[in-house]
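Here the structure is laid out as C-alpha coordinates; the discussion comes afterwards.
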Amino acid sequence: MNFIIAIDASGSMLATDFTPNRLEAAKNAAIDFVDTLPFETKIGIISFSGASFIKERPSNDILKVKNAISSIQTELIAGTGIGEVIITSANLLSAENPPSSIILITDGQNNIGSSIEESVAYAKSHNIIINTIGIGTEEGGKFENFNETIISKVNFEDLQYVAQETNGKSYLVSDYDSMDSAYLDIANIKRGSKEVSLSQYFTLLGMFILILEWVLLNTKYRTIP
22 MNFIIAIDAS
32 GSMLATDFTP
42 NRLEAAKNAA
52 IDFVDTLPFE
62 TKIGIISFSG
72 ASFIKERPSN
82 DILKVKNAIS
92 SIQTELIAGT
102 GIGEVIITSA
112 NLLSAENPPS
122 SIILITDGQN
132 NIGSSIEESV
142 AYAKSHNIII
152 NTIGIGTEEG
162 GKFENFNETI
172 ISKVNFEDLQ
182 YVAQETNGKS
192 YLVSDYDSMD
202 SAYLDIANIK
212 RGSKEVSLSQ
222 YFTLLGMFIL
232 ILEWVLLNTK
242 YRTIP
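The numbering used here applies: residue 22 is where the sequence shown begins, and numbers increase by one.
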(Lines of atoms letter the chains of each structure in order from A and count residues from 1; the text may use other names and numbers.)
(Lines give C-alpha, C1' and ligand atoms only; values in the text may rest on other atoms or scores of the structure.)
Protein backbone atom coordinates (compact mmCIF):
# COMPACT_ATOMS: atom_id res chain seq x y z
CA MET A 1 0.00 0.00 0.00
CA ASN A 2 1.17 3.53 -0.80
CA PHE A 3 0.50 6.47 1.49
CA ILE A 4 0.13 10.21 1.43
CA ILE A 5 0.59 11.71 4.89
CA ALA A 6 -1.23 15.06 4.91
CA ILE A 7 -0.40 17.21 7.94
CA ASP A 8 -2.38 20.30 8.92
CA ALA A 9 0.01 23.27 9.15
CA SER A 10 -2.52 25.99 9.96
CA GLY A 11 -1.96 28.35 12.90
CA SER A 12 -4.14 26.36 15.29
CA MET A 13 -1.66 23.48 15.08
CA LEU A 14 0.57 25.60 17.34
CA ALA A 15 -1.88 24.96 20.19
CA THR A 16 -0.03 23.75 23.26
CA ASP A 17 -2.30 20.95 24.48
CA PHE A 18 0.52 18.76 23.10
CA THR A 19 4.17 19.38 23.99
CA PRO A 20 5.57 21.52 22.49
CA ASN A 21 2.54 21.86 20.18
CA ARG A 22 0.20 19.85 17.97
CA LEU A 23 2.26 20.30 14.82
CA GLU A 24 5.51 19.01 16.29
CA ALA A 25 3.68 16.09 17.89
CA ALA A 26 2.09 15.20 14.54
CA LYS A 27 5.46 15.39 12.77
CA ASN A 28 7.24 13.23 15.35
CA ALA A 29 4.55 10.56 15.22
CA ALA A 30 4.58 10.58 11.40
CA ILE A 31 8.35 10.01 11.35
CA ASP A 32 7.98 7.09 13.76
CA PHE A 33 5.24 5.64 11.53
CA VAL A 34 7.42 5.83 8.43
CA ASP A 35 10.07 3.76 10.21
CA THR A 36 7.58 0.89 10.69
CA LEU A 37 6.72 0.46 7.00
CA PRO A 38 8.30 -2.04 4.58
CA PHE A 39 11.01 -0.66 2.31
CA GLU A 40 8.93 -0.97 -0.86
CA THR A 41 6.16 1.28 0.50
CA LYS A 42 5.91 4.62 -1.27
CA ILE A 43 5.09 7.61 0.93
CA GLY A 44 4.27 11.16 -0.09
CA ILE A 45 4.10 14.17 2.22
CA ILE A 46 1.76 17.18 1.99
CA SER A 47 1.25 20.06 4.40
CA PHE A 48 -1.84 22.20 4.18
CA SER A 49 -3.62 25.24 5.56
CA GLY A 50 -5.72 27.34 3.19
CA ALA A 51 -3.74 25.71 0.37
CA SER A 52 -1.88 22.43 -0.10
CA PHE A 53 1.90 22.18 -0.35
CA ILE A 54 3.57 19.07 -1.77
CA LYS A 55 6.68 18.42 0.32
CA GLU A 56 7.55 15.03 -1.18
CA ARG A 57 5.95 13.03 -3.97
CA PRO A 58 5.40 9.31 -3.31
CA SER A 59 8.82 7.78 -2.75
CA ASN A 60 10.44 4.86 -0.94
CA ASP A 61 13.48 7.00 -0.12
CA ILE A 62 12.85 7.02 3.63
CA LEU A 63 15.46 9.68 4.38
CA LYS A 64 13.88 12.13 1.92
CA VAL A 65 10.42 11.37 3.30
CA LYS A 66 11.50 11.96 6.89
CA ASN A 67 13.30 15.17 5.95
CA ALA A 68 10.14 16.37 4.22
CA ILE A 69 8.13 15.76 7.39
CA SER A 70 10.72 17.54 9.53
CA SER A 71 10.66 20.57 7.22
CA ILE A 72 6.95 21.28 7.74
CA GLN A 73 6.22 24.61 9.43
CA THR A 74 3.00 26.56 9.87
CA GLU A 75 1.85 28.07 6.58
CA LEU A 76 1.00 31.74 6.13
CA ILE A 77 -2.14 31.14 4.05
CA ALA A 78 -5.11 31.27 6.42
CA GLY A 79 -7.79 28.60 6.64
CA THR A 80 -8.01 24.81 6.67
CA GLY A 81 -8.66 23.30 3.26
CA ILE A 82 -9.37 19.66 4.06
CA GLY A 83 -11.25 19.14 0.81
CA GLU A 84 -8.39 20.58 -1.23
CA VAL A 85 -5.72 18.42 0.39
CA ILE A 86 -7.79 15.27 -0.16
CA ILE A 87 -8.04 16.06 -3.88
CA THR A 88 -4.32 16.92 -4.12
CA SER A 89 -3.41 13.70 -2.31
CA ALA A 90 -5.70 11.63 -4.52
CA ASN A 91 -4.11 13.10 -7.64
CA LEU A 92 -0.64 12.09 -6.43
CA LEU A 93 -1.76 8.57 -5.51
CA SER A 94 -3.66 8.00 -8.76
CA ALA A 95 -0.31 7.76 -10.55
CA GLU A 96 0.79 4.90 -8.28
CA ASN A 97 -0.19 1.24 -8.27
CA PRO A 98 -3.10 0.50 -5.88
CA PRO A 99 -3.91 0.05 -3.08
CA SER A 100 -3.42 3.55 -1.72
CA SER A 101 -4.35 5.43 1.43
CA ILE A 102 -4.35 9.01 2.68
CA ILE A 103 -3.53 9.65 6.34
CA LEU A 104 -5.09 13.00 7.20
CA ILE A 105 -3.89 14.67 10.42
CA THR A 106 -5.75 17.81 11.44
CA ASP A 107 -7.47 19.66 14.26
CA GLY A 108 -9.63 21.80 12.06
CA GLN A 109 -12.87 22.27 10.22
CA ASN A 110 -12.96 22.54 6.45
CA ASN A 111 -13.50 26.26 5.87
CA ILE A 112 -12.02 27.00 2.46
CA GLY A 113 -11.92 25.43 -1.01
CA SER A 114 -13.64 22.22 -2.07
CA SER A 115 -16.39 20.72 0.06
CA ILE A 116 -15.81 17.58 2.10
CA GLU A 117 -18.51 15.73 0.12
CA GLU A 118 -16.97 16.63 -3.23
CA SER A 119 -13.45 15.63 -2.19
CA VAL A 120 -14.58 12.35 -0.63
CA ALA A 121 -16.45 11.42 -3.82
CA TYR A 122 -13.27 12.18 -5.79
CA ALA A 123 -11.14 9.95 -3.54
CA LYS A 124 -13.72 7.14 -3.77
CA SER A 125 -13.67 7.36 -7.57
CA HIS A 126 -9.94 6.56 -7.36
CA ASN A 127 -10.48 3.73 -4.82
CA ILE A 128 -8.45 5.56 -2.18
CA ILE A 129 -8.94 4.88 1.54
CA ILE A 130 -8.70 7.83 3.92
CA ASN A 131 -7.69 7.32 7.54
CA THR A 132 -8.20 10.44 9.64
CA ILE A 133 -6.49 11.51 12.86
CA GLY A 134 -8.09 14.34 14.84
CA ILE A 135 -5.49 15.89 17.12
CA GLY A 136 -6.36 17.85 20.27
CA THR A 137 -7.61 17.46 23.83
CA GLU A 138 -11.24 17.67 24.89
CA GLU A 139 -10.56 20.98 26.66
CA GLY A 140 -8.88 22.42 23.58
CA GLY A 141 -5.50 24.06 23.25
CA LYS A 142 -4.38 27.68 23.30
CA PHE A 143 -2.38 29.45 20.62
CA GLU A 144 -1.56 33.06 19.81
CA ASN A 145 -2.99 34.76 16.73
CA PHE A 146 -2.01 38.41 16.22
CA ASN A 147 -1.55 38.90 19.98
CA GLU A 148 -4.92 37.31 20.67
CA THR A 149 -5.18 34.05 22.65
CA ILE A 150 -7.48 31.57 20.92
CA ILE A 151 -8.68 28.17 22.12
CA SER A 152 -8.82 25.53 19.39
CA LYS A 153 -10.93 22.37 19.66
CA VAL A 154 -11.09 19.42 17.30
CA ASN A 155 -13.96 19.08 14.85
CA PHE A 156 -14.09 15.28 14.76
CA GLU A 157 -17.46 14.89 13.03
CA ASP A 158 -16.12 15.77 9.59
CA LEU A 159 -13.16 13.44 10.07
CA GLN A 160 -15.44 10.54 10.98
CA TYR A 161 -17.49 11.17 7.85
CA VAL A 162 -14.41 11.22 5.61
CA ALA A 163 -13.11 7.92 7.01
CA GLN A 164 -16.46 6.12 6.97
CA GLU A 165 -17.24 7.09 3.39
CA THR A 166 -13.89 5.77 2.12
CA ASN A 167 -13.73 2.57 4.22
CA GLY A 168 -11.03 4.05 6.42
CA LYS A 169 -10.77 4.56 10.17
CA SER A 170 -10.97 7.72 12.26
CA TYR A 171 -8.96 8.33 15.41
CA LEU A 172 -9.30 11.06 18.04
CA VAL A 173 -5.95 11.51 19.76
CA SER A 174 -5.34 13.59 22.87
CA ASP A 175 -1.79 12.55 23.78
CA TYR A 176 1.31 10.94 22.34
CA ASP A 177 0.28 7.42 23.36
CA SER A 178 -3.07 7.58 21.57
CA MET A 179 -1.40 9.05 18.48
CA ASP A 180 1.18 6.27 18.40
CA SER A 181 -1.64 3.73 18.81
CA ALA A 182 -3.51 5.24 15.86
CA TYR A 183 -0.47 4.99 13.60
CA LEU A 184 0.26 1.46 14.82
CA ASP A 185 -3.30 0.44 13.98
CA ILE A 186 -2.97 1.90 10.48
CA ALA A 187 0.32 0.04 10.00
CA ASN A 188 -1.34 -3.20 11.14
CA ILE A 189 -4.23 -2.66 8.71
CA LYS A 190 -1.67 -2.55 5.93
CA ARG A 191 0.14 -5.65 7.16
CA GLY A 192 -3.17 -7.46 7.56
CA SER A 193 -4.09 -6.84 3.93
CA LYS A 194 -0.68 -8.13 2.92
CA GLU A 195 -1.08 -11.27 5.00
CA VAL A 196 -4.46 -12.02 3.42
CA SER A 197 -2.90 -11.66 0.00
CA LEU A 198 -0.06 -14.05 0.91
CA SER A 199 -2.50 -16.62 2.30
CA GLN A 200 -4.29 -16.63 -1.03
CA TYR A 201 -1.01 -17.35 -2.81
CA PHE A 202 -0.25 -20.23 -0.44
CA THR A 203 -3.73 -21.67 -1.00
CA LEU A 204 -3.23 -21.60 -4.78
CA LEU A 205 0.23 -23.14 -4.39
CA GLY A 206 -1.23 -25.97 -2.28
CA MET A 207 -3.89 -26.67 -4.89
CA PHE A 208 -1.26 -26.74 -7.63
CA ILE A 209 0.85 -29.26 -5.70
CA LEU A 210 -2.17 -31.55 -5.14
CA ILE A 211 -3.06 -31.45 -8.84
CA LEU A 212 0.57 -32.13 -9.79
CA GLU A 213 0.72 -35.15 -7.44
CA TRP A 214 -2.52 -36.52 -8.92
CA VAL A 215 -1.16 -36.16 -12.47
CA LEU A 216 2.14 -37.85 -11.58
CA LEU A 217 0.44 -40.76 -9.80
CA ASN A 218 -1.94 -41.38 -12.68
CA THR A 219 0.92 -41.20 -15.16
CA LYS A 220 3.08 -43.59 -13.13
CA TYR A 221 0.50 -46.37 -12.85
CA ARG A 222 -1.16 -45.97 -16.24
CA THR A 223 -0.70 -48.89 -18.66
CA ILE A 224 1.14 -47.62 -21.68
CA PRO A 225 0.35 -49.57 -24.89
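Beta carbons are placed, not taken as given, at the ideal position from N, Cα and C, and that holds for glycine.
- For L35, no beta strand (DSSP E) segment is defined, and its DSSP state is neither H nor E.
- Bridge pairing for I64: F24 and S80 [DSSP].
- For the options I28, F24 and D53, the alpha carbon positioned closest to that of Y197 is the one of D53.
- About 20 Å separates the beta carbon of I98 from that of I123, a gap too long to meet the 8 Å contact definition.
- Following the DSSP letters along the chain, one finds L180 in no beta strand (DSSP E) but inside the alpha helix (DSSP H) bounded by residues F177 to E186.
- Separation of the CB atoms of D201 and A50 is rounded to 6 Å, and the pair is thereby assigned contact status at 8 Å.
- Note on I172: under 16 other CB atoms within 10 angstroms of its CB, so exposed under the neighbour-count rule.
- Looking from the CA of F164, the closest CA among N209, D128, A142 and R78 belongs to D128.
- Residue range R43 to T57 is occupied by the alpha helix (DSSP H) that includes F54.
- For the pair K145 and M22, the Cα-to-Cα distance works out to about 16 Å.
- Looking at the backbone, the Cα of V55 and that of D206 are separated by about 13 Å.
- The beta carbon of S135 sits closer than 7 Å to the beta carbons of G104, E105 and I108 from its chain, once the five residues preceding and following it are set aside; these are given in chain order.
- Residues F69, T101, I126, T127, D128 and G129 of the same chain have their beta carbon placed closer than 7 Å to that of D29, with the five preceding and five following residues left out of the count.
- F39 sits buried, since 16 or more C-beta atoms from the chains shown fall within 10 Å of its C-beta.
- Within 10 angstroms of the beta-carbon of E77 lie 16 or more other beta-carbons, which makes it buried.
- When only Cα atoms are considered, A36 and N112 end up about 30 Å apart.
- Exclusion of the five residues before and after K48 leaves I28, I90, S91 and I93 as the residues of its chain whose Cβ lies within less than 8 Å of its Cβ.
- Residue pairing by DSSP puts K163 in a beta bridge opposite I172.
- Within the DSSP secondary-structure output, S191 pairs in a beta bridge with T153.
- By the criterion of a C-beta distance shorter than 6 Å, T57 is surrounded in its chain by A208, once the five residues flanking it on both sides are discounted.
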